[in-house]
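Worksheet for the structure shown next.
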Amino acid sequence: MQDAAYSSLLHSRRQQLHARIALILEERFPEIVATEPELLAHHFGQAGLLEKAVEYNELAGRRALSRSVLTEALARFDNALSGLSALPPSEERSRRELSIQLALGSTHVAAHGFAAPPTAEAYGRARELCEELGETHQLFPVLYGLSLYHVYAAEFTEARSVADRLLELAEAGNDSGLSFFAHRAAGVSAFPAGEFTRARIHLEEALALYDPRAHRSPAFVYAFDPRVVCLVYLARTLLPLGFPDQALQANDEAVAEAHAVDHRNSLALPLFFGGVIRQIIGDHEGVQEQCSELTRIASEAGFRLWLAGATILSAWAIADAGDFDRGRLELQRGLTEWRATGAEFMVPYFIALQAQIEVRAAITMLHSFCSKQRKQGLSALKSVGLRPRYCVCRGRYCCNLGRTKPEIRGTASWTHWRRPGLRELVSGNCVLH
763 MQDAAYSSLL HSRRQQLHAR IALILEERFP EIVATEPELL AHHFGQAGLL
813 EKAVEYNELA GRRALSRSVL TEALARFDNA LSGLSALPPS EERSRRELSI
863 QLALGSTHVA AHGFAAPPTA EAYGRARELC EELGETHQLF PVLYGLSLYH
913 VYAAEFTEAR SVADRLLELA EAGNDSGLSF FAHRAAGVSA FPAGEFTRAR
963 IHLEEALALY DPRAHRSPAF VYAFDPRVVC LVYLARTLLP LGFPDQALQA
1013 NDEAVAEAHA VDHRNSLALP LFFGGVIRQI IGDHEGVQEQ CSELTRIASE
1063 AGFRLWLAGA TILSAWAIAD AGDFDRGRLE LQRGLTEWRA TGAEFMVPYF
1113 IALQAQIEVR AAITMLHSFC SKQRKQGLSA LKSVGLRPRY CVCRGRYCCN
1163 LGRTKPEIRG TASWTHWRRP GLRELVSGNC VLH
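Spelled out as structure tokens, the structure:
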């Protein structure tokens, strides 16, 4: 009955009613404006008041993004851009589009990954708008988003170039707030390139500059809580520098910080990379704990990249427990899903995990075979020339069995992290020969 009555109204009359409803809501019901901006976006849109509809669609998208409701956020930002395209060109329209593209970039990072084509498109368009408007301050989150895109696309020269540009802009502006984000970008981009000392210097400088009152509010513009990012990458940097205990402490602090700000995308970051750190030091139970929480969060929020990462962590734990067949299948599935987001960052490390599983599977199988033969007497080994190889493999097998013992995990010295090749492997971007 109501639908029939509504349909019988003239289009102009319907527009008047929607406009009246929207204005009453805006003027008299601030709680609805704050909690249901999508309702005002609908009424302003139906009223043909496009500027207001764009404004409230953007607000609705930002609110959805802050709650990690990514499908809703993407739909709202797309609606805002669609409405904006119907407005005549102006500086105000360009500034509004810049704001939306920045938020859209953060949403694509969470939904599809750092290196996904939609992420690059959003930040690329935002950079064009900054140049068009001569906007320097807004250029910071744009360039930071592009630097992350290059990092996860394994384009490290480009990432370094963008980070250097941020440092130049911060120095020229003499702004401590901008300096914080510039050092953060420089540290993040230095790590995967294997420049661990440089990464540590920039990340520690960023943490020293961090002011929660000034820097926490842009968390959703930059996709993650700023301090969480610094702590995660500092943790990852400390490990190859030979400080595993400090690395775990920094990562645990990042997890606690992400819980405190109650932002799921910020929490997914330290859960995944904390799992990677625990993989490297052989902490089976620690990997399982990180993986369990990450899987839950990524599944609930639809984080494609982090769900793929959780699959990879789980695969390693499965294989580490001795189920090599299932572990290798799950790892391949996780790797395929990771690369489907456009990400190439960490891929060499994942391939190294595959190799590790194959080596352990082969050693286990050979150990089993040799043990059976040993029961029949070592003369059987001599007859086929396997005894020397048996001794070598048995030694490696025993080393593998013992590598997760608590007394080994708890050691702070661990000078073996300084061996050639391990530094590159830990960064996730070694060249496998």
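Under my numbering, the first residue of the sequence shown carries the number 763, and numbering increases by one thereafter. From the three backbone atoms N, C-alpha and C, an ideal C-beta is built for every residue, glycine too.
(1) Would you report the Cα separation of residue 962 and residue 1123, rounded to the nearest angstrom?
(2) Taking C-beta to C-beta, are residue 1100 and residue 1074 nearer than 8 Å?
(3) Do the CB positions of residue 1079 and residue 1129 come within less than 8 Å of each other?
(4) Looking at the secondary structure, which residues open and close the alpha helix (DSSP H) in which residue 1017 lies?
(5) Classify residue 1027 as helix, strand or coil using the three-state DSSP reduction.
(6) Measure the C-alpha to C-alpha separation of residue 1127 and residue 889 and round it to an integer number of angstroms.
(7) Measuring only the C-alpha atoms, how far is residue 1088 from residue 886?
(8) Please state whether DSSP places residue 1084 in a helix, a strand or coil.
(9) Within 10 Å of its beta-carbon, does residue 805 have 16 or more other beta-carbons around it, so buried, or fewer, so exposed?
(10) Among residues of its own chain, excluding the 5 on either side of residue 1167, which ones have a beta-carbon nearer than 7 Å to its beta-carbon?
(11) Would you kindly work out how many angstroms separate the C-alpha atoms of residue 1106 and residue 1040, rounded to a whole number?
(12) Using only CA atoms, which one of 1026, 1004, 1048 and 1090 lies nearest to residue 1062?
(13) Between the alpha carbons of residue 915 and residue 951, how many angstroms are there, rounded?
(14) Suppose you measure from the CA of residue 872 to the CA of residue 1069; what does that come to, to the nearest Å?
(15) Please give the ranges of any alpha helix (DSSP H) in the segment 898 to 947, keeping only runs that are unbroken, at least 4 residues long and fully inside the region.
(16) Less than 8 Å between the C-beta atoms of residue 867 and residue 823, yes or no?
(17) Does the Cβ-Cβ distance between residue 1064 and residue 1052 come in under 8 Å?
(18) Scan the segment 800 to 831 and note each continuous alpha helix (DSSP H) run of 4 residues or more that stays entirely inside, going in chain order.
(19) Kindly give me the distance between the Cβ atoms of residue 931 and residue 895, rounded to whole angstroms, as I take these residues to be in contact under 8 Å.
(20) Taking the alpha helix (DSSP H) that residue 995 belongs to, which residues open and close that run?
(21) Excluding five sequence neighbours on each side, which residues of the same chain lie with their C-beta closer than 6 Å to the C-beta of residue 969?
(22) Alpha helix (DSSP H) containing residue 958: first to last residue?
(23) Would residue 842 and residue 835 qualify as a contact pair, given that the criterion is a beta-carbon distance under 8 Å?
(24) Apart from the five residues on each side of it in sequence, which residues of its chain come closer than 8 Å, Cβ to Cβ, to residue 1000?
(25) Determine the direct distance from the alpha carbon of residue 1014 to that of residue 943, and round the result to whole angstroms.
(26) Run through DSSP, which three-state label would residue 865 get?
(27) Around the Cβ of residue 870, are there at least 16 other Cβ atoms within 10 angstroms (buried) or fewer (exposed)?
(28) Is the CB-CB distance between residue 1090 and residue 1081 below 8 Å?
(29) Applying the criterion that 16 or more other CB atoms from any shown protein chain within 10 Å of the CB defines a buried residue, is residue 789 buried or exposed?
(30) Could you give the residue range of the alpha helix (DSSP H) that holds residue 852?
(31) If we call anything under 8 Å between Cβ atoms a contact, is residue 987 one with residue 1028?
(32) Among residues of its own chain, excluding the 5 on either side of residue 1016, which ones have a beta-carbon nearer than 6 Å to its beta-carbon?
(33) Considering only their Cβ atoms, is the gap separating residue 912 from residue 924 smaller than 8 Å?
(34) So residue 802 packs on residue 795, CB below 8 Å; how close in whole Å?
(35) Whole angstroms are fine: how far does the CA of residue 852 sit from the CA of residue 982?
(36) Are there 16 or more other CB atoms within 10 angstroms of the CB of residue 725, so buried, or fewer, so exposed?
In brief:
(1) Residue 962 sits at position 200 when you count from the first residue of the sequence shown. Residue 1123 sits at position 361 when you count from the first residue of the sequence shown. When rounded, the distance between both Cα atoms is 37 Å.
(2) The sequence position of residue 1100 within the sequence shown is 338, counting from 1. The sequence position of residue 1074 within the sequence shown is 312, counting from 1. Less than 8 Å divides the Cβ of residue 1100 from the Cβ of residue 1074.
(3) Locating residue 1079 in the sequence shown gives position 317, counting from the first residue. Locating residue 1129 in the sequence shown gives position 367, counting from the first residue. One thing to note: residue 1079 has its Cβ no nearer than 8 Å to the Cβ of residue 1129.
(4) Working through the sequence shown from its first residue, we reach residue 1017 at position 255. Residues 1006 to 1023.
(5) Taking the first residue of the sequence shown as position 1, residue 1027 is located at position 265. Residue 1027 falls in the helix class under three-state DSSP.
(6) Within the sequence shown, the letter at position 365 stands for residue 1127. Within the sequence shown, the letter at position 127 stands for residue 889. If you take the alpha carbons of residue 1127 and residue 889, they lie about 55 Å apart.
(7) Residue mapping note: residue 1088 aligns to position 326 of the sequence shown, counting from 1. Residue mapping note: residue 886 aligns to position 124 of the sequence shown, counting from 1. The straight-line gap separating the alpha-carbon atoms of residue 1088 and residue 886 is approximately 41 Å.
(8) Counted from its first residue, the sequence shown places residue 1084 at position 322. In this structure, residue 1084 counts as coil in the three-state DSSP scheme.
(9) Residue numbering aside, residue 805 sits at position 43 when the sequence shown is read from its first letter. That one is buried.
(10) Position 405 of the sequence shown, counted from the start, is the residue given in the question as residue 1167. Unreliable positioning characterises residue 1167 in this predicted model, as indicated by a pLDDT of 40, which lies under 50. The coordinate reading is nonetheless provided below. Spatial neighbours of residue 1167 in its own chain (CB-CB distance under 7 Å, excluding positions within 5 residues in sequence) are not present.
(11) As a first step, residue 1106 must be located in the sequence shown, where it is residue number 344. As a first step, residue 1040 must be located in the sequence shown, where it is residue number 278. Looking at the backbone, the Cα of residue 1106 and that of residue 1040 are separated by about 21 Å.
(12) On the sequence shown, residue 1062 is found 300 positions in, with the first residue counted as 1. When 1026, 1004, 1048 and 1090 are compared, the shortest CA-CA separation from residue 1062 is found for 1026.
(13) By one-based count along the sequence shown, residue 915 stands at place 153. By one-based count along the sequence shown, residue 951 stands at place 189. So the two alpha carbons sit approximately 12 Å from each other.
(14) Counting from one through the sequence shown, the residue named residue 872 turns up at place 110. Counting from one through the sequence shown, the residue named residue 1069 turns up at place 307. One Cα belongs to residue 872, the other to residue 1069, and the distance between them is close to 11 Å.
(15) Taking only runs of at least 4 residues, the alpha helix (DSSP H) segments lying wholly in the segment 898 to 947 are 901 to 914 and 918 to 935.
(16) The residue labelled residue 867 in the question sits at position 105 within the sequence shown. The residue labelled residue 823 in the question sits at position 61 within the sequence shown. It is not a contact, given that the beta carbons lie outside the stated cut-off.
(17) Locating residue 1064 in the sequence shown gives position 302, where the first residue counts as 1. Locating residue 1052 in the sequence shown gives position 290, where the first residue counts as 1. No; because the gap between Cβ atoms is not below 8 Å, this pair is not in contact.
(18) Whole alpha helix (DSSP H) segments, 4+ residues: 812 to 828.
(19) Taking the first residue of the sequence shown as 1, we reach residue 931 at position 169. Taking the first residue of the sequence shown as 1, we reach residue 895 at position 133. Their Cβ separation, rounded to whole angstroms, is 15 Å, which puts residue 931 and residue 895 out of contact at 8 Å.
(20) As a first step, residue 995 is located in the sequence shown; it is residue number 233 there, counting from the start. Note, residue 995: alpha helix (DSSP H), 988 to 1000.
(21) In the sequence shown, counting from the first residue as 1, residue 969 sits at position 207. The answer, listed in chain order, is 992.
(22) As a working note, residue 958 is residue 196 in the sequence shown. 958 to 971 is the span of the alpha helix (DSSP H), which, as asked, contains residue 958.
(23) In the sequence shown, the residue the question calls residue 842 occupies position 80. In the sequence shown, the residue the question calls residue 835 occupies position 73. Contact: no.
(24) Here residue 1000 corresponds to residue number 238 of the sequence shown, with the count starting at 1. Once the five neighbours on either side are set aside, the close Cβ partners of residue 1000 are 962, 1006, 1008, 1009 and 1012.
(25) Numbered from its first residue, the sequence shown carries residue 943 at position 181. Numbered from its first residue, the sequence shown carries residue 1014 at position 252. About 22 Å.
(26) Walking along the sequence shown from the start, residue 865 turns up at place 103. Reduced to three states, the DSSP call for residue 865 is helix.
(27) For the purposes of this step, residue 870 is identified with residue 108 of the sequence shown, where counting begins at 1. Burial call: buried.
(28) Residue 1090 sits at position 328 when you count from the first residue of the sequence shown. Residue 1081 sits at position 319 when you count from the first residue of the sequence shown. For the pair residue 1090 and residue 1081, the CB atoms are nearer than the 8 Å cut-off.
(29) As a working note, residue 789 is residue 27 in the sequence shown. Around the beta-carbon of residue 789, fewer than 16 other beta-carbon atoms lie within 10 Å, marking it exposed.
(30) To locate residue 852, count along the sequence shown from 1; it is residue 90. No alpha helix (DSSP H) holds residue 852; DSSP gives it neither H nor E.
(31) To locate residue 987, count along the sequence shown from 1; it is residue 225. To locate residue 1028, count along the sequence shown from 1; it is residue 266. Cβ atoms of residue 987 and residue 1028: closer than 8 Å.
(32) What you label residue 1016 is simply residue 254 of the sequence shown in a count that begins at 1. Within the same chain, residue 1016 has close Cβ partners 990, 993, 994 and 1032.
(33) Working through the sequence shown from its first residue, we reach residue 924 at position 162. Working through the sequence shown from its first residue, we reach residue 912 at position 150. Note that the C-beta distance between residue 924 and residue 912 is below 8 Å.
(34) Taking the sequence shown and counting its residues from 1, one reaches residue 802 at position 40. Taking the sequence shown and counting its residues from 1, one reaches residue 795 at position 33. Rounded, the Cβ-Cβ distance is 6 Å, consistent with contact.
(35) Here residue 982 is taken as the residue at index 220 of the sequence shown, counted from 1. Here residue 852 is taken as the residue at index 90 of the sequence shown, counted from 1. Unreliable placement is indicated for residue 982, whose pLDDT of 46 sits below 50; the coordinate value is still reported in the next sentence. Rounded to the nearest angstrom, the two C-alpha atoms are 26 Å apart.
(36) Because the chain here runs from 763 to 1195, residue 725 falls outside it and cannot be looked at.
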